[in-house]
Amino acid sequence: MIEVLFVCLGNICRSPTAHGVFAEKVSARGLAGNIRVDSAGTSGWHIGEPPDPRSSQAAALRGYDLSGQRGRQVSASDFDRFHYILAMDKSNLANLRRLVPARFSGTLDLFLPFANDLPAEVPDPYYGGGDGFERVLDLVEVASDALLDHLIATHSLKKVRS
Ligand code: 4NP
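Going letter by letter, the sequence shown gives residues 9 to 170 in my numbering.
Given below as structure tokens:
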């Protein structure tokens, strides 16, 4: 099982979106038995909360269900469990790098650069207008396809369907 963790600041907007979109794409390719997905925040500000309704609604309009998710904070044990820990922006990545134990042998990196021609960061939509949530989805959908292709190639996974 390959374990993938998406990380943002609050775990109510960007990383739950990545979690929901990527999990849907994993399932659509018949790889739910090979790849497990989760998300967390570097902050503890929204522990136990459902995703921001603006994220949930924007995702639902594209067919992604975020309703079962609840906010949690990234913890040291995540570095034992997850093989890929992918940050939404450079600030999240810097915070994760302060936590990473020397024994971690997985991939700790930004999420978007898995796809060519995307910016490095998913902009934080929390304090902005409604189109910020569409922008998050646009970026996350493209990067999720690229990440999935990368995992399939790197780990020689067999697609059941495409
Ligand atoms: P996220 O967005 O990191 O994409 O979940 C945010 C959510 C909440 C806050 C900041 C960013 N906040 O300041 O509470």
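Here a beta-carbon is modelled for each residue, glycine too, at the ideal position from N, C-alpha and C.
Check: Quick check on the burial criterion: 16 or more other C-beta atoms within 10 angstroms. Buried or exposed for residue 31?; Outcome: buried
Check: I'd like to confirm something about residue 134: is its beta-carbon nearer than 7 Å to some heavy atom of the ligand 4NP, or not?; Outcome: yes
Check: With DSSP as the reference, label residue 130 as helix, strand or coil.; Outcome: coil
Check: Around the C-beta of residue 69, are 16 or more other C-beta atoms found within 10 angstroms, so that it is buried, or is it exposed?; Outcome: exposed
Check: In this structure, how does DSSP classify residue 37 when only helix, strand and coil are distinguished?; Outcome: coil
Check: Out of curiosity, what's the CA-to-CA distance linking residue 48 and residue 79?; Outcome: 7 Å
Check: Is it true that the CB of residue 104 sits closer than 8 Å to the CB of residue 82?; Outcome: yes
Check: When every heavy atom of the ligand 4NP is checked, does at least one fall within less than 7 Å of the C-beta of residue 17?; Outcome: yes
Check: In the DSSP assignment, what residue or residues form a beta bridge with residue 14?; Outcome: 47 and 94
Check: Tell me the DSSP bridge mates of residue 162?; Outcome: Beta-bridge pairing links residue 162 to no other residue.
Check: Alpha carbons only, please: which of 86, 152, 133 and 13 is nearest the one belonging to residue 60?; Outcome: 133
Check: Answer with buried or exposed for residue 170, where buried requires no fewer than 16 other C-beta atoms within 10 angstroms of its C-beta.; Outcome: Interpretation of residue 170 is limited by its pLDDT of 49, a score under 50 that renders its predicted location unreliable; no figure is taken from the coordinates.
Check: Does at least one heavy atom of the ligand 4NP sit under 7 Å from the Cβ of residue 20?; Outcome: yes
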